[in-house]
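Numbering (UniProt numbering), first residue to last: 1 to 430.
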């Protein structure tokens, strides 16, 4: 994401940068967007006020495919902001942020872009030197490179910087695009037993589906927070279909018999699906927070920081509760400003709000549809957990899991946990 083609646009003399301002530019096919505002002319003095990003524009940017945004400003939020709402929503939308760029002499247009951040495991952000090189329509050898840093702009006569030669980009194959050489060489059997390949590929494929699921859930959270519910509905349907794929994978793994599994089980050591950090991120994103499980990742500082950040961020269900409040339904204030890292506890005001939605569907149709989409996700999550438990029991019975859990008995306890509890409870009260 920090190397590739970027587009620079200029939006001067605006106090807020929203959908209206952004929609006047052609952003189709753009993944990296740098915005020049010229609103911080004297960088020896910290500004009193600056233009800031309208949170409602984040869904628009995400829908356009933007995955990195940069500003010539010290923040994407208002200077006085304490909550950093725009930062959080951009993070949920999986959009990286670059701030404090010096774009004073950079014209609007497309550039080659390099901005490699330092790997700081204990930090929320990192300094970087952002480099731009214009993509001019001139003969080879006449290119120049523009360098944007935190304190100067340099124009250098230098060779063209790209990820790969132009002739290679034009001859890209299916395998090149998907990095199939790397993907298909990542299955390393430790036992040499035939059925170990099945075990490896099932779990690797599941991790890929979970990566996509996280990508989509984070986009949904951003859409709901910016009140773009219709866009959220489409992606929630996709999430449900991804869950179906994950559920069906158990039907393949269950063809592994106990005798076959025992041929290579000892090779797994202490590794376990319990250690899947993506699954933990999904649980957090759906609202099932348990920070005690972060201890598993303490020896992996980058993963630990990523999980800790996710644990403290609003979940999909928190965003839905916020949508209830935005619609004028009464929600206890402590539910909107709570510590999101704490385990969610059912709340009477939330249940009453959902009951109102279900009893007045015409008035609250979008919230009603949102609730049912959430129930689709919750039900599929239950089915996945049940299928997981059944598959494990069929293959290893009541043995202790490789990761040291109690195996099937642990998975049975997990089944008792319902996502979005008020949506389940109201069905009894309708």
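For glycine and all other residues, C-beta sits at the position ideal for the given N, C-alpha and C. Everything numeric in this text was worked out from a predicted model, so none of it was measured.
Query	Result
Are the CB atoms of residue 354 and residue 247 nearer to each other than 7 Å?	no
Could you tell me which residues DSSP pairs with residue 107 in its beta bridges?	In the DSSP output, where bridge partners are listed per residue, residue 107 has none listed.
Between which residues of its own chain and residue 54 is the CB-CB distance below 6 Å, once the five residues before and five after are set aside?	16, 18
Taking DSSP as the reference, what is the three-state secondary structure of residue 53?	strand
Determine the burial state of residue 213: buried for a count of at least 16 other Cβ atoms within 10 Å of its Cβ, exposed for fewer.	buried
With H, G and I counted as helix, E and B as strand and the rest as coil, what does DSSP make of residue 30?	coil
To the nearest angstrom, how far is it from the Cα of residue 194 to the Cα of residue 302?	35 Å
Look at residue 396 and residue 226 and say whether their C-beta atoms are less than 7 Å apart.	no
For residue 297 and residue 286, which I take to be in contact (beta-carbon distance under 8 Å), what is that distance rounded to the nearest angstrom?	Not really, about 19 Å apart at Cβ, beyond 8 Å.
Alpha carbon to alpha carbon, how far is residue 44 from residue 85?	27 Å
Using 8 Å as the Cβ pair cut-off and three pairs as the minimum, do the region 259–269 and the region 234–249 touch?	no
Do you know whose CA, among 62, 46, 71, 423, lies nearest residue 89's CA?	62
Report the three-state DSSP secondary structure of residue 214 (helix, strand or coil).	helix
What residue range is occupied by the uninterrupted alpha helix (DSSP H) comprising residue 97?	Careful: residue 97 lies outside any alpha helix (DSSP H), inside the beta strand (DSSP E) at 96–98.
For residue 414 and residue 279, I'd like the C-alpha separation in whole angstroms.	13 Å
Give me, in chain order, the residues of the same chain whose beta-carbon lies closer than 7 Å to that of residue 389; leave out the 5 immediate sequence neighbours on both sides.	408, 411, 412, 415
For residue 134, report the span of its alpha helix (DSSP H) as first-last.	No alpha helix (DSSP H) holds residue 134; the beta strand (DSSP E) holding it covers 130–134.
I need the straight-line Cα distance from residue 400 to residue 310, nearest angstrom please.	29 Å
My assumption, with CB atoms under 8 Å, is that residue 236 sits in contact with residue 366. Please give the rounded CB distance.	Rounded, the Cβ-Cβ distance is 12 Å, inconsistent with contact.
Beta-carbon separation of residue 199 and residue 373 under 7 Å?	no
Please confirm whether residue 101 and residue 125 have their CB atoms less than 7 Å apart.	no
Let me check understanding here. Comparing Cα to Cα, which of 173, 37, 128 lies closest to residue 9?	37
May I have a chain-ordered list of the alpha helix (DSSP H) segments no shorter than 4 residues that lie completely inside the region 226–267?	229–253, 258–262
Using three-state DSSP, classify residue 6 as helix, strand or coil.	strand
With a Cβ-Cβ cutoff of 7 Å, do residue 426 and residue 381 count as a contact?	no
Quick check on residue 187: buried or exposed, where buried means 16 or more other Cβ atoms within 10 Å of its Cβ?	exposed
Throw me the rounded Cβ distance for the residue 134 and residue 175 pair, which I believe falls under 8 Å.	Contact doesn't hold; Cβ gap of about 32 Å is too wide.
In this structure, what does DSSP give as the bridge partners for residue 114?	3, 131
Excluding the five sequence neighbours on either side, which residues of its own chain have a C-beta within less than 7 Å of the C-beta of residue 211, listed in chain order?	278
So which of 120, 30, 40 has the shortest CA-CA distance to residue 74?	40
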